[in-house]
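Heads up: the structure comes next, in structure tokens.
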Amino acid sequence: MKKKIIKIENLNKFFIINRKKFKVNKNINFSIFKGETLSIIGESGSGKSTLARIIVQLQKSDSGKIFYYSENHFVYDLNKLKKREIISLRNEIQIIFQNSLTTINPKFRIKDIIGEGLIIQKKVKNKKDIKYKQKIVEIMKLCGISLDLMDRFPNELSGGQRQRVNIAKTLILKPKFVICDEIVSALDVTTQKQILNLIKKIQK
């Protein structure tokens, strides 16, 4: 029997614009199991990204429940967790955004962009920890990023290379649940195929 990871019950989100209430997510219900891929399709502005941000708690819903079935066998209602509790789950629940330029620090070298989460989540003591570089090299190879780019800055990379870095910095934490928010829509067709094949490979 497959292990359930996420269950969403009656989730609703609305925004108020010019004193009018607009519901962008209405009575959302679904479950996701380990190893599954769920695609959410809709027009621009239909609430897909809002839903993604709500699941990872970058935004709050107005009603409904989001249950996360963690590796430690606890079931969390994400909407009820405190900020520090959400942060502690960041290594298990991650999101990869469409525009890599808005999610990576342009002043950081590639190795430190990828390794930043290791420091935040206390997976290593500091950048001098031998595991820090080992984990960065390992994930760069897995994501098809040349090690020659390790000391480069984001503006020295192509769009496809930056998106691979974006994926690597997420996957280095070995999350159990990853949301991909239109991660290939800004890339050319060839690069789109490469990125999607990479995601499928890592999922296995």
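Note that the UniProt record's numbering numbers the sequence shown so that position 168 is 168, with each residue one more than the last.
No residue lacks a Cβ here, since even glycine has one placed at the ideal position from N, Cα and C.
Since this is a predicted model, take the numbers as computed values, not measurements.
Boundaries of the beta strand (DSSP E) in which residue i is found, first to last residue
i, result
"D129", "Run containing D129: none; DSSP gives neither H nor E here."
"Q94", "I93 to I96"
"K26", "K20 to F33"
"D77", "V75 to D77"
Rounded straight-line distance, which links the Cα of residue j to that of residue i
i, j, result
"L78", "I86", "8 Å"
"L89", "E116", "16 Å"
"C143", "K111", "13 Å"
"R152", "G159", "14 Å"
"N10", "K133", "43 Å"
"P175", "I32", "15 Å"
"I93", "F177", "5 Å"
"T37", "N29", "16 Å"
Host alpha helix (DSSP H) of residue i (start-end)
i, result
"G42", "Looking at the DSSP string, G42 is not in any alpha helix (DSSP H), and its letter there is neither H nor E."
"V184", "Premise fails: V184 is in no alpha helix (DSSP H) and is neither H nor E."
"G144", "Element bounds for G144: n/a, residue is neither H nor E."
"I167", "G159 to L171"
Closest by C-alpha distance to residue i, when choosing among the options
i, options, result
"E43", "E182, M150 and S63", "E182"
"S100", "K48, I93, I114 and E92", "I114"
"K141", "T103, A168, F108 and I120", "A168"
"M1", "Q192, K20 and K34", "K34"
8 Å contact criterion, which residue i and residue j should meet: CB distance rounded
i, j, result
"I179", "V24", "Incorrect: roughly 17 Å between the Cβ atoms, too far for contact."
"L173", "Q121", "6 Å"
"N166", "I95", "Not confirmed; about 10 Å, so no contact."
Q: Could you say if the stretch 6-14 and the stretch 66-77 meet the contact criterion of at least three C-beta pairs nearer than 8 Å?
A: yes
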